[in-house]
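Heads up: the protein sequence lines correspond to chains A and W, in order.
Under numbering that gives the first Met the number 0, the first residue of the first sequence carries the number 0, and numbering increases by one thereafter.
Under numbering that gives the first Met the number 0, the first residue of the second sequence carries the number 0, and numbering increases by one thereafter.
All C-beta atoms in this analysis are idealised placements derived from N, C-alpha and C, irrespective of residue type, glycine included.
Every value quoted in this text rests on a predicted model; they were computed, and no experiment measured them.
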Amino acid sequence: MTAIEVTRDAPEPVTRTTKAAVSATAVPRAKNRRKIRPGKVVISLLGIAAALVWVFPVYWMIISAFTPNARLQSTNPSFFPTSATWSGFTNVISGSGFVGALRMSLAITVLTVLVVIIWATLAALAISRFKFKGRKSFLLAVLFIQMLPAEGLFLAQYQMLSKAQLVNTIWGVSIIYIAAIIPFTVWMLRGFVAGVPAELEEAAMVDGLTRSKAFFKITFPLLAPGLIASGVYAFLQAWNEFTVALIALPARDAQTLPIWLRSFLADSANKGIDWSQVMAASTLIAIPVIIFFLIVQGRMTSGLVSGAVKG
Amino acid sequence: MTDTIAPSAAHVPPDTTAQQPQRRQEPSGKKRRGKLVPYLLLTPAILGLLAGLGYPLYWQFTTAFKEYGLRQAFGAPAEWVWFDNFTKILTDDAVWAVVVRSLAFCLVNALLTVAIGLALALLMRAVSAPIRITIQIAMLLAWAMPMVASVTVFKWLFNYRTGLVNWVLVKLGMDQFENYSWFSSPWTFFLVATMIVVWMSVPFVALSLYAGLTSVPDEIVEAARIDGASSTQILWRILVPMIKSVLSIVLLLQIIWDLRVFGQINLLQQQGAPVGSTNLFGNFIYEVGVGRGDFGTAAAVSLFVLALTMLISWPYVRSLMKEEENS
């Protein structure tokens, strides 16, 4: 929720409309208080149906993960957990590759997030605290780079990594992720830095702090929500990334979780897929994402202009 | 990094009141600070961008004009063939099929997503608060799902033997769906792919448009109703025009995102789909480059995709830059 507070400082007008939206919904609408009409019932039913359609695949994933595979293979599906079991999860975790892929995903994600946050904060400081030659061109470049699709570049990136002997390494993929994620985080943090008045920092310097101390004591704590939001964004991007990981991490023991899940499914296709394990694995991959996503959901739903959370 | 800034602190004059008005006008312009400081701050980010994107872009641009196959990848010198790769792809029917298929898939999915998203946003506006919050939670959950997990769930739902969809259809009396294989013919393959892409993308659109709709003052709608406007008139004459800017940005982003549907197709193709007739841009580049080792051709197609994306992105980038200048 704090994320919403801070976006107040972001300059995007669309973000502002969302703010109006938040306060508008807080006021109960008079027409909702009227007596029940048949049209209203139909609309309510439609609303419930829409909610069901969007929640059902998530529900089905979790339910299947907790159902024994033998039950999943039977002719009649069970819509409710009749014989819940953890065996799908334990089999996946003790099975081949999951823990290794998890380690790989974590290493790449942590490295990417840390580097992105530091480098992007420095760049955001430069953009919103200084006027300098090339500032506008840098911003323009950042915006354009943000739109470059990995699908049009992954072959070249693979070639580069292969020349540098960085295929199948944490460093190789991380370099590419960092370059892909930095533009948007710079753009996002720029708004947050601009929201912390330079006067605060300067007042602290008048009171005898050095510039770096003033930054770390005054600006940095105020930037924290922005850093968290962009850190979560970087996490989601790196954790979910598929295209580059598929081509730059071909070795079995170098796979990240999404690529591991892909080959886990392909490997078991011949001997019959254990859908209970597959759904348990999907659930395990999705859980951290859903948690982090809900933390910053204010930012995600209001950060419309951001080019937000997509591939 | 911060140490390099520190010395300049000594030069800040203690008289802040005198500085105040000037600073208001120009918060970022402080001439006393070293001129190099902003560039030093930008250096790591720029180096990262050059390493991760700059060099690949350069390689791609040059390789598109070279003969670059497996032999060259293993060290043979790549010869400049200039536009040979481009004439080759322009005269290749398979490439044109991919172009048409990708653009059609992109447009159909983007329009469908925005249409359904708008409908759901209007629905959220019409229902009572508890139902609206239920819809919002469902949307957030679906939005948060990682792509790989979503596609995997849909594969399970559409599994030919034990999938839920076939079971429901058979129960409804459509016996031809007994063991029906959705992924083996291109049409049903893209039907399922569309369902996945739309399911994944609608939450962003619906929630953004709903946020836009709530900023339309109730008084305006109420006034129009009193003046005798019908619901359709209110929708097309008041609500849609008032969220036009959000609507166009969302549509633009959706088109850009739907051009780069690679993972979803790649994962679905695993189910024994005919690769040749289900490839979209990314998958075609992957097949030509990684599969056949024809990097020259793949780089030429990639350049085309990049150019197309940049072209479509231009209005979006321009609107963002305008906001930046106004702020």
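Tell me, please, whether the CB atom of R327/W is closer than 8 Å to any CB atom in chain A?
-> Nothing about residue 327/W can be reported from this structure: the residues present for chain W run from 0 to 326 only.
Three or more beta-carbon pairs under 8 Å between the stretch 47-67 of chain A and the stretch 81-93 of chain A, yes or no?
-> yes
What residues in its chain sit with their C-beta under 6 Å from that of S230/W, if we drop five residues either side in the sequence?
-> Indexing the second sequence from 1 puts residue 230/W at position 231. If we look at S230/W and ignore the five residues flanking it on each side, it has no Cβ neighbours.
Output the distance between the C-alpha atoms of V21/A and S318/W, rounded to the nearest integer angstrom.
-> Taking the first sequence and counting its residues from 1, one reaches residue 21/A at position 22. Taking the second sequence and counting its residues from 1, one reaches residue 318/W at position 319. With a pLDDT of 39 at V21/A, under the threshold of 50, the predicted position of this residue should be treated as unreliable, though the coordinate-derived value follows. Looking at the two C-alpha atoms, the distance is approximately 24 Å.
When A140/A, R134/A, S104/A, F153/A are compared against L302/W, the one with the closest alpha-carbon | Stepping through the second sequence from its first residue, residue 302/W is reached at position 303. Comparing Cα positions, the closest option is F153/A.
Take D252/A and list the residues in its own chain whose beta-carbon comes closer than 7 Å to its own, dropping the five residues that flank it on each side.
-> Sequence index remark: in the first sequence, residue 252/A carries index 253 (1-based). Once the five neighbours on either side are set aside, the close Cβ partners of D252/A are G99.
With 16 other CB atoms within 10 Å as the buried threshold, where does P314/W fall?
-> Mapped onto the second sequence, residue 314/W falls at position 315. Exposed is the call here.
Neighbourhood of E150/A by C-beta, 8 Å cutoff - its chain only, sequence neighbours within 5 removed | Residue numbering aside, residue 150/A sits at position 151 when the first sequence is read from its first letter. These residues qualify, in order along the chain: T242.
When you compare each of W142/W, F283/W, I311/W, A50/W to A179/A by their alpha carbons, which one comes out closest?
-> Working through the first sequence from its first residue, we reach residue 179/A at position 180. Of W142/W, F283/W, I311/W, A50/W, the residue nearest in Cα terms is A50/W.
What is the residue span of the alpha helix (DSSP H) that S93/A lies within?
-> Taking the first sequence and counting its residues from 1, the one referred to as residue 93/A is at position 94. Note, S93/A: alpha helix (DSSP H), 86-93.
Does DSSP classify K270/A as helix, strand or coil?
-> The count along the first sequence starts at 1 and reaches residue 270/A at position 271. Three-state DSSP puts K270/A in coil, outside helix and strand.
Separation of G225/A from F137/A, as counted between CA atoms = Working through the first sequence from its first residue, we reach residue 137/A at position 138. Working through the first sequence from its first residue, we reach residue 225/A at position 226. Each residue's alpha carbon lies about 21 Å from the other.
Exposure of N178/W, with buried meaning 16 or more beta-carbon neighbours within 10 Å | In the second sequence, the residue the question calls residue 178/W occupies position 179. By the 10 Å Cβ count, N178/W comes out exposed.
Contact between the stretch 122-129 of chain A and the stretch 206-213 of chain A: three or more CB pairs below 8 Å?
-> no
Can you list, in chain order, the residues of its chain whose CB lies under 7 Å from that of F203/W, leaving out five sequence neighbours each side?
-> Looking up residue 203/W in the second sequence gives position 204. Contacts found: W142.
Under 8 Å between the Cβ atoms of A192/W and S281/A?
-> Your numbering for residue 192/W matches position 193 in the second sequence. Your numbering for residue 281/A matches position 282 in the first sequence. It is not a contact, given that the beta carbons lie outside the stated cut-off.
Is the beta carbon of E66/W sitting closer than 8 Å to the one on G295/W?
-> Position 67 of the second sequence holds residue 66/W. Position 296 of the second sequence holds residue 295/W. Their beta carbons are under 8 Å apart, which means E66/W touches G295/W by this criterion.
Does the beta-carbon of A109/W have 16 or more other beta-carbons within 10 angstroms, so that it is buried, or is it exposed?
-> By 1-based counting over the second sequence, the position of residue 109/W is 110. Per the 10 Å Cβ criterion, buried.
Whose Cβ in chain A lies nearer than 7 Å to the Cβ of I327/W?
-> What is shown of chain W runs 0 to 326, which leaves residue 327/W out entirely.
Going by alpha carbons, who is nearest to A233/A out of V109/A, L293/A, M159/A, R102/A?
-> Walking along the first sequence from the start, residue 233/A turns up at place 234. Ranking the options by Cα distance to A233/A, first place goes to V109/A.
Going along chain A in order, which residues have a C-beta closer than 9 Å to the C-beta of G281/W?
-> Translated into positions along the second sequence, residue 281/W becomes position 282. Neighbours of G281/W on chain A, chain order: P148, A149, E150, G151, F153, T242.
Check whether the Cβ atoms of W238/A and V288/A lie closer than 8 Å to each other.
-> To locate residue 238/A, count along the first sequence from 1; it is residue 239. To locate residue 288/A, count along the first sequence from 1; it is residue 289. Yes, the Cβ-Cβ distance between W238/A and V288/A is below 8 Å.
Positions along the stretch 40-66 of chain A whose CB lies within less than 7 Å of some CB in chain W = I42, S43, L45, G46, I47, A49, A50, W53, V54, P56, V57, W59, M60, S63
Kindly indicate the opening and closing residues of the alpha helix (DSSP H) around Q156/A.
-> As a working mapping, residue 156/A is identified with position 157 in the first sequence. Counting along the chain, the alpha helix (DSSP H) containing Q156/A begins and ends at 153-162.
Residue environment, E25/W, which counts as buried when at least 16 other CB atoms sit within 10 Å = As a position in the second sequence, residue 25/W is number 26, starting the count at 1. Unreliable positioning characterises E25/W in this predicted model, as indicated by a pLDDT of 45, which lies under 50. A coordinate reading is not provided.
Proximity to Q236/A [Cα-Cα], best of S267/A, Y176/A, E198/A, K135/A = Position 237 of the first sequence holds residue 236/A. The residue with the shortest Cα to Cα distance from Q236/A is Y176/A.
Compare the C-beta of R102/A with all C-beta atoms of chain W and state if any pair is closer than 8 Å.
-> The residue you call residue 102/A lines up with position 103 of the first sequence. Taking Cβ atoms only, chain W never reaches closer than 8 Å to R102/A, which makes this a no.
When the cut-off is 8 Å and only beta carbons count, does A96/W lie next to chain A?
-> Along the second sequence, read from residue 1 onward, the residue named residue 96/W stands at position 97. With 8 Å as the cut-off, A96/W does not count as an interface residue toward chain A.
What do you get for N165/W, buried or exposed, if any count of 16 or more other CB atoms within 10 angstroms of its CB means buried?
-> To locate residue 165/W, count along the second sequence from 1; it is residue 166. Counting Cβ neighbours within 10 Å, N165/W comes out buried, since at least 16 surround it.
Three-way DSSP call (helix, strand, coil) for W181/W in this model | For this step, residue 181/W is matched to residue 182 along the second sequence. Looking at W181/W - three-state DSSP - the assignment turns out to be coil, as it is neither helix nor strand.
Using the Cα positions of A25/A and E218/W, report the straight-line distance between them to the nearest angstrom.
-> Within the first sequence, numbered from 1, the residue matching residue 25/A stands at position 26. Within the second sequence, numbered from 1, the residue matching residue 218/W stands at position 219. Its pLDDT being 42, under 50, A25/A is placed unreliably by the model, and the measurement read from it follows with that caveat. Using only the alpha carbons, I get a separation of about 16 Å.
Taking Cβ-Cβ distances shorter than 7 Å, what residues in chain D pair up with S229/W?
-> As a matter of chain content, chain D is missing from the structure shown, whose protein chains are A and W.
What do you get for K154/W, buried or exposed, if any count of 16 or more other CB atoms within 10 angstroms of its CB means buried?
-> In the second sequence, the residue the question calls residue 154/W occupies position 155. The residue in question, K154/W, is buried, as its Cβ has 16 or more Cβ neighbours within 10 Å.
Chain-ordered residues of the stretch 253-274 of chain A with a beta carbon less than 7 Å from chain W = P257, L260, R261, L264, A265, W274
Any idea what DSSP makes of K132/A, helix, strand or coil?
-> In the first sequence, the residue the question calls residue 132/A occupies position 133. Coil, per DSSP.
Give the residues of chain W in contact with P76/A, contact being defined as C-beta atoms less than 7 Å apart.
-> In the first sequence, counting from the first residue as 1, residue 76/A sits at position 77. Under the 7 Å cutoff, chain W gives L163, W166.
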